[in-house]
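Heads up: the sequence lines are chains F and H, in that order.
So in this note's numbering, spot 30 of the first sequence is number 30, and the numbers just go up one at a time.
Numbering-wise, this note's numbering comes out as the position in the second sequence, counting from 1, plus 1000.
Just so it is clear, CB atoms sit at the ideal spot from N, CA and C, and this is done for glycine as well.
Just so it is clear, the structure is predicted and the values come from calculations on it, not from any experiment.
The structure under discussion appears below in the form of structure tokens.
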Amino acid sequence: MTGSMIAFAAFSTIAIVGSLLVIFRRTPVASAFALVLVFFSFSGLYALMGAHLIAALQILVYTGAIMVLFVFVIMLLNQDSPITDIKESSLLFKGIAGLACVGMVTVLINAALRVSGLAPTNIYTDQKIEELGGNLRVISELLFTDHLFQFELTSFLLLGAIVATIALSKRQRKGGVS
Amino acid sequence: MSFETAFMFGKIAIVLMGLLAVVPIMLFVERRGSALIQNRLGPNRMGPFGLFQAACDVLKFIFKEDRAPDHVNKYYWHIAPWIAVIPSFMTFAVIPFAGTYTDANGHLQFQIANLDVGILYCFSIASLGVYGIIMAGWASNNKYSLLGSLRSAAQMISYELSLGLSIVGLAMIFQSVKLGEITAQQGEVLWTIAGIEIPKWGVFLQPLGFVLFVVSVFAETNRLPFDLPEGESELIAGYHLEYGAMRFALFMMAEFINMAVASALICTLFFGGWQLLPGMDWVVGHLDALGILPSGGALVLCQALSFVTKIAIWMWIFVWVRWSIPRFRFDQLMNLGWKVMFPLALLNVLITGVLIYMGVL
């Protein structure tokens, strides 16, 4: 067994165990910490595939910023006591959840089968990326040339979300000292 | 074992040993340095100038009883110090500590991992360290500790923005985020003023970016004036209130090693990294003339020495600032982060872009 095989087995095991912990832990903060573990092992898997930029961004954005914010909000709401009063949900909701689960798994298996059957047709092979100056350079150049419009649209979407959040949270303070 | 593997293990061992050696040295420098600044004596009884005080402190930490309070969340309370300390060691992996050594057998790189993403790796691993603090404060099950972690979470997110944006200008000028390439390019001469050669260091190219980076790094390492998560006069000891003995020492280790890594990053990005200090080429010439080391060995040695010297100067500045500037109030901290640092970082990117477009840089 090679080193990368061992690393793959370790990271994927941690990811699966972590995801189960996210669901089964009764304390919200503990669930959040388990999710951090999942993100971390995902980034390990990306790094194993040679996608160093995605691995770094995964940790930087998801683990380092978004999850910190999650934990911050959970702590601020003081939800650190275990949730025990979970009501038994109705059969209808269970059915919908089950159907959604089955559908998702089918789509994933279908996608995996289709991708593994095809020969790699894209022009960005490992050697080609190396020639062009590495992962980071190739992705940034694509992002700022071919996909610039979509990229800028995304930033507008985020700006809209920020403005909407401020508008919603400020409206409640009318008359008061803000 | 092949030579490459042995060399890799050697590099890792050197970096780990170097970072571990930082802890007792900084213990001494911080205590005696604070005494010097505040016109006190400081610990001066053990050995000459109190040099053995650090060893005594370490022994005390090791042999002190390691007890966990009853009310803590045992599992998270136990792993939190390790989560704080491990990322601080990992961050150093992409920082080059000497130039490439070339001989008949090929190249030797004095950098543990030459990653494509370079500085982004540093930032992402450094951002994991905050979980140690958050976890410690939360698992301690106590108001002051929880407040400490809340402050830490808010502070980290606010200053990571300006930290990341402050080096965008630098990456634009050097056309790379690989620390090895950035350092190599800083060896060129920028201007010659009255016969004195000014090197192409980041600090001369990006003065505003440099100031923003240093301030953000101080905030990220939780050092005064940004040590609100600890805030001993407000929160007793903040997130590490319930920790004693070696577990507390681990948090202290994490802080000192973070300081070392932060200094190394400041040197690499803005002060030429392993590029020789003025006057060092004279030493290299004389060492080469002696002929003890293989050719080029003296250069690598002096480069590593220059790098360590630069780090040491920045470590002293960290101590100096800590004992000179008082702590921020929390609202001042947030205002500085979001209303001053963030817009200035964006302005820096804009100015750099315009200057590059005009062909000045």
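Checklist entry - Since Val1189/H sits in a beta bridge, which residues does DSSP pair it with? => result On the second sequence, residue 1189/H is found 189 positions in, with the first residue counted as 1. Paired residue(s): Pro1199/H.
Checklist entry - Would the segment 1040-1057 of chain H and the segment 1018-1032 of chain H be scored as touching if the rule is three or more Cβ pairs under 8 Å? => result yes
Item to check | Bridge partners - Thr1309/H, DSSP secondary structure assignment | outcome: Reading the second sequence from its first residue, position 309 is the one you call residue 1309/H. Per DSSP, none; premise fails for Thr1309/H.
Checklist entry - For Val36/F, which residues in chain H fall below 9 Å Cβ to Cβ? => result Reading the first sequence from its first residue, position 36 is the one you call residue 36/F. Under the 9 Å cutoff, chain H gives Leu1128 and Tyr1131.
Checklist entry - Which residues share a DSSP beta bridge with Leu1051/H? => result Position 51 of the second sequence, counted from the first residue, corresponds to residue 1051/H. Answer is none; Leu1051/H lacks a bridge partner.
Item to check | Proximal residues to Gly1169/H (C-beta, below 6 Å), its chain only, five neighbours per side dropped | outcome: In the second sequence, the residue the question calls residue 1169/H occupies position 169. Gln1206, Gly1209, Asn1348, Val1349 and Thr1352, listed in sequence order.
Next on the checklist: Tell me the residue span of the alpha helix (DSSP H) that contains Thr1091/H.
Outcome noted: Working through the second sequence from its first residue, we reach residue 1091/H at position 91. No alpha helix (DSSP H) contains Thr1091/H, which DSSP labels as neither H nor E.
Next on the checklist: Extract the residue ranges of the alpha helix (DSSP H) inside the segment 1238-1294 of chain H, only unbroken runs of 4 or more that lie entirely within it.
Outcome noted: 1245-1270 and 1280-1290
Next on the checklist: Quick check on the DSSP output: what are the complete beta strand (DSSP E) runs of length 3 or more inside the segment 1303-1353 of chain H, in order along the chain?
Outcome noted: none
Checklist entry - chain F partners of Val1117/H, CB-CB under 7 Å? => result Within the second sequence, numbered from 1, the residue matching residue 1117/H stands at position 117. Within chain F, the residues near Val1117/H are His52, Leu53, Ala56 and Leu136.
Checklist entry - What span of residues does the alpha helix (DSSP H) with Leu27/F cover, start to end? => result Your numbering for residue 27/F matches position 27 in the first sequence. Correcting the residue identity first, residue 27/F is Thr in this sequence and not Leu. Unbroken run through Thr27/F: none, as it is neither H nor E.
Next on the checklist: Looking at Pro1096/H: is its Cβ nearer than 8 Å to the Cβ of Thr1183/H?
Outcome noted: Residue numbering aside, residue 1096/H sits at position 96 when the second sequence is read from its first letter. Residue numbering aside, residue 1183/H sits at position 183 when the second sequence is read from its first letter. Yes.
Checklist entry - By the criterion of Cβ-Cβ separation under 9 Å, what are the contact partners of Met75/F in chain H? => result Taking the first sequence and counting its residues from 1, one reaches residue 75/F at position 75. The contacting residues are Ile1134, Gly1137, Trp1138, Leu1146, Ser1149, Leu1150 and Ala1153.
Next on the checklist: Going by DSSP in three states, Leu1128/H sits in which element: helix, strand or coil?
Outcome noted: In the second sequence, the residue the question calls residue 1128/H occupies position 128. If DSSP states are grouped into helix, strand and coil, Leu1128/H belongs with coil.
Checklist entry - From the beta carbon of Thr106/F, is the nearest beta carbon of chain H less than 8 Å away? => result As a working mapping, residue 106/F is identified with position 106 in the first sequence. Cβ-Cβ to chain H under 8 Å: no for Thr106/F.
Item to check | Under 8 Å between C-beta atoms of Met67/F and Val36/F | outcome: The sequence position of residue 67/F within the first sequence is 67, counting from 1. The sequence position of residue 36/F within the first sequence is 36, counting from 1. Cβ distance < 8 Å, so Met67/F and Val36/F count as in contact.
Checklist entry - Any idea if Val38/F is buried or exposed, counting beta-carbon neighbours within 10 angstroms, 16 or more meaning buried? => result Counted from its first residue, the first sequence places residue 38/F at position 38. So Val38/F counts as buried.
Checklist entry - Secondary structure at Thr13/F, three-state DSSP: helix, strand or coil? => result As a working note, residue 13/F is residue 13 in the first sequence. Looking at Thr13/F - three-state DSSP - the assignment turns out to be helix.
Checklist entry - chain F partners of Ser1124/H, CB-CB under 9 Å? => result Within the second sequence, residue 1124/H is the residue found at index 124, counting from 1. Within chain F, the residues near Ser1124/H are Ser43, Ala55, Ala56, Leu57, Gln58, Ile59, Leu60, Val61, Thr63 and Gly64.
Checklist entry - Roughly how many angstroms lie between the CA atoms of Ile1292/H and Gln1185/H, to the nearest whole one? => result Position 292 of the second sequence, counted from the start, is the residue given in the question as residue 1292/H. Position 185 of the second sequence, counted from the start, is the residue given in the question as residue 1185/H. Taking the straight line joining both Cα atoms gives about 30 Å.
Next on the checklist: Looking at the strands, I want to know which residues DSSP matches up with Leu1108/H.
Outcome noted: By one-based count along the second sequence, residue 1108/H stands at place 108. Tyr1101/H, per the DSSP bridge assignment.
Next on the checklist: Check whether the segment 1279-1287 of chain H and the segment 1104-1123 of chain H are in contact - that is, three or more C-beta pairs closer than 8 Å.
Outcome noted: no
Checklist entry - Quick one: what does DSSP say Tyr1046/H is sitting in, helix, strand or coil? => result On the second sequence, residue 1046/H is found 46 positions in, with the first residue counted as 1. Checking the displayed sequence, the identity of residue 1046/H turns out to be Met instead of Tyr. If DSSP states are grouped into helix, strand and coil, Met1046/H belongs with coil.
Item to check | Euclidean distance between Cα positions of Phe42/F and Val17/F | outcome: Looking up residue 42/F in the first sequence gives position 42. Looking up residue 17/F in the first sequence gives position 17. Distance between the alpha carbons of Phe42/F and Val17/F: 12 Å.
Next on the checklist: According to DSSP, is Thr1221/H part of a helix, a strand, or is it coil?
Outcome noted: Counted from its first residue, the second sequence places residue 1221/H at position 221. Looking at Thr1221/H - three-state DSSP - the assignment turns out to be coil, as it is neither helix nor strand.
Item to check | For Gly133/F, the three-state DSSP class (helix, strand or coil) | outcome: Numbered from its first residue, the first sequence carries residue 133/F at position 133. Looking at Gly133/F - three-state DSSP - the assignment turns out to be coil, as it is neither helix nor strand.
Item to check | Sequence-distant residues of the same chain with beta carbon closer than 8 Å to Ile1311/H, five excluded per side | outcome: What you label residue 1311/H is simply residue 311 of the second sequence in a count that begins at 1. Contacts found: Ala1260, Ser1263, Ala1264 and Cys1267.
Item to check | Residues near Ile1037/H by beta carbon distance below 6 Å, same chain, minus five either side | outcome: Start at 1 with the first residue of the second sequence, and residue 1037/H comes out as number 37. Answer for Ile1037/H: Trp1323, listed in chain order.
Next on the checklist: Give me the chain H residues within the contact set of Leu69/F, using Cβ-Cβ distance strictly less than 7 Å, ordered along the chain.
Outcome noted: Sequence index remark: in the first sequence, residue 69/F carries index 69 (1-based). Chain H residues near Leu69/F: Ile1157.
Item to check | Secondary structure of His1071/H, DSSP reduced to three states | outcome: As a first step, residue 1071/H must be located in the second sequence, where it is residue number 71. In this structure, His1071/H counts as coil in the three-state DSSP scheme.
Item to check | Reference Phe70/F; option with closest CA among Ile54/F, Ala30/F and Phe93/F | outcome: By 1-based counting over the first sequence, the position of residue 70/F is 70. Selected option, being the one with the closest Cα: Ala30/F.
Next on the checklist: Does the segment 1040-1052 of chain H come into contact with the segment 1327-1344 of chain H, if we say contact requires no fewer than three beta-carbon pairs (one atom in each stretch) closer than 8 Å?
Outcome noted: no
Next on the checklist: Would Leu1163/H and Phe1218/H qualify as a contact pair, given that the criterion is a beta-carbon distance under 8 Å?
Outcome noted: Sequence index remark: in the second sequence, residue 1163/H carries index 163 (1-based). Sequence index remark: in the second sequence, residue 1218/H carries index 218 (1-based). Going by C-beta atoms, Leu1163/H is not nearer than 8 Å to Phe1218/H.
Next on the checklist: Closest to Ala1304/H by C-alpha separation, out of Gly1132/H, Ile1173/H, Ala1098/H and Phe1063/H, would be which residue?
Outcome noted: Numbered from 1 along the second sequence, position 304 holds the residue referred to as residue 1304/H. Nearest option by C-alpha distance: Ala1098/H.
Next on the checklist: Let me confirm a value: Met104/F is counted as buried when at least 16 other C-beta atoms fall within 10 Å, else exposed. Which label applies?
Outcome noted: Here the question's residue 104/F lines up with position 104 in the first sequence. Under this definition Met104/F is an exposed residue.
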